[in-house]
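Asker:
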Amino acid sequence: MAKYRKLGRTASQRKALLRNQVTALLNNGKIVTTEAKAKEIRKIAEGLIAMAVREKDNFDEVTVTAKAARKDKDGKRVKEVVDGKKVTVYDEVEKKIQKDQPSRLHARREMLKVLYTVKEVPEKAAGKKKNTKEIDLTEKLFNEIAPKYADRKGGYTRIVKIGQRKGDAAMEVLIELV
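All residue numbers for the sequence shown refer to our numbering, where the first residue is 1215 and numbers rise by one.
(1) At the level of alpha carbons, what is the spacing between V1328 and K1293?
(2) Under three-state DSSP, which class holds L1391?
(3) Going by Cα to Cα distance, which pick from A1216, I1255, Q1227 is closest to Y1370?
(4) Alpha carbon to alpha carbon, how far is G1289 from A1283?
(5) Put G1261 into one of helix, strand or coil per three-state DSSP.
(6) Per the DSSP calculation, F1356 is bridged to which residue(s)?
(7) Please report the distance separating the alpha-carbon of M1385 from that of R1219.
(8) Do you know offhand how far H1320's Cα is from D1286's?
(9) Do you know offhand how far T1331's Cα is from D1314's?
(10) In the DSSP assignment, find the beta strand (DSSP E) that holds R1284 and state where it starts and stops.
(11) So, for I1245: in the same chain, excluding its five sequence neighbours on each side, which residues have a beta-carbon less than 7 angstroms away from its beta-carbon?
(12) What are the partner residues of R1372, as DSSP defines its beta bridges?
(13) Rounding to the nearest angstrom, what Cα-Cα distance links V1374 and V1387 in this structure?
(14) Which residues in the same chain have their Cβ closer than 6 angstroms to the Cβ of M1265, if we skip the five residues on either side of it in sequence?
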């Protein structure tokens, strides 16, 4: 009895496909794919969500002092001349950060093994590199998705059959987060 579906691909292709699909599912909330792929995606996605639910509150709030560049009204760094050179002026700022406990750090690293980095491009700047920003999916899992499923004991995804695909008559399904 096989432990997983091979999906007609080599191991590296299959791993890349599943990582890509799981990343898209967690980023967008739902995707359309074939039934066989959806069942494999469900296993991985539910494992990641369960890990996030388990570790969502496992951190310490720590206050740290950091140096931040002083900025003027336009948002540009303030510079002053010291010994004939222009030097940026820094101020010490206190920040509160979340420091992961070892088990949450391990969970975060396990998630990063599966998830790809996602870049969000605003519609008005499509095709330009300037305004793109990276979305941290592990933070999204811990801060948005995990609290939503905190009282649930599994079953974080739903598979809805759509119908057969026109080209090869493969059963298409919608897999979404419940």
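From the three backbone atoms N, C-alpha and C, an ideal C-beta is built for every residue, glycine too.
Answerer: On the basis of the coordinates in this document:
(1) Looking at the two C-alpha atoms, the distance is approximately 43 angstroms.
(2) Here L1391 sits in strand by DSSP.
(3) Of the residues A1216, I1255, Q1227, the one whose Cα lies closest to the Cα of Y1370 is I1255.
(4) Put simply, the backbone Cα of G1289 is about 10 angstroms away from that of A1283.
(5) DSSP places G1261 in the helix class (H, G or I) of the three-state scheme.
(6) Its beta-bridge partners do not exist; DSSP assigns none.
(7) Roughly 15 angstroms separates the two Cα atoms.
(8) Straight-line spacing of the CA atoms in H1320 and D1286 works out to 40 angstroms.
(9) Whole-angstrom Cα-Cα distance: 20 angstroms.
(10) No beta strand (DSSP E) holds R1284; DSSP gives it neither H nor E.
(11) Excluding sequence positions up to five before and after I1245, its CB lies within less than 7 angstroms of the CB of Q1235, A1238, L1239, I1389, all in the same chain and listed in chain order.
(12) Its beta-bridge partners are E1390.
(13) Straight-line Cα distance between these residues: approximately 5 angstroms.
(14) Excluding residues up to 5 positions away in sequence, A1321 lie with their Cβ nearer than 6 angstroms to the Cβ of M1265 in the same chain.
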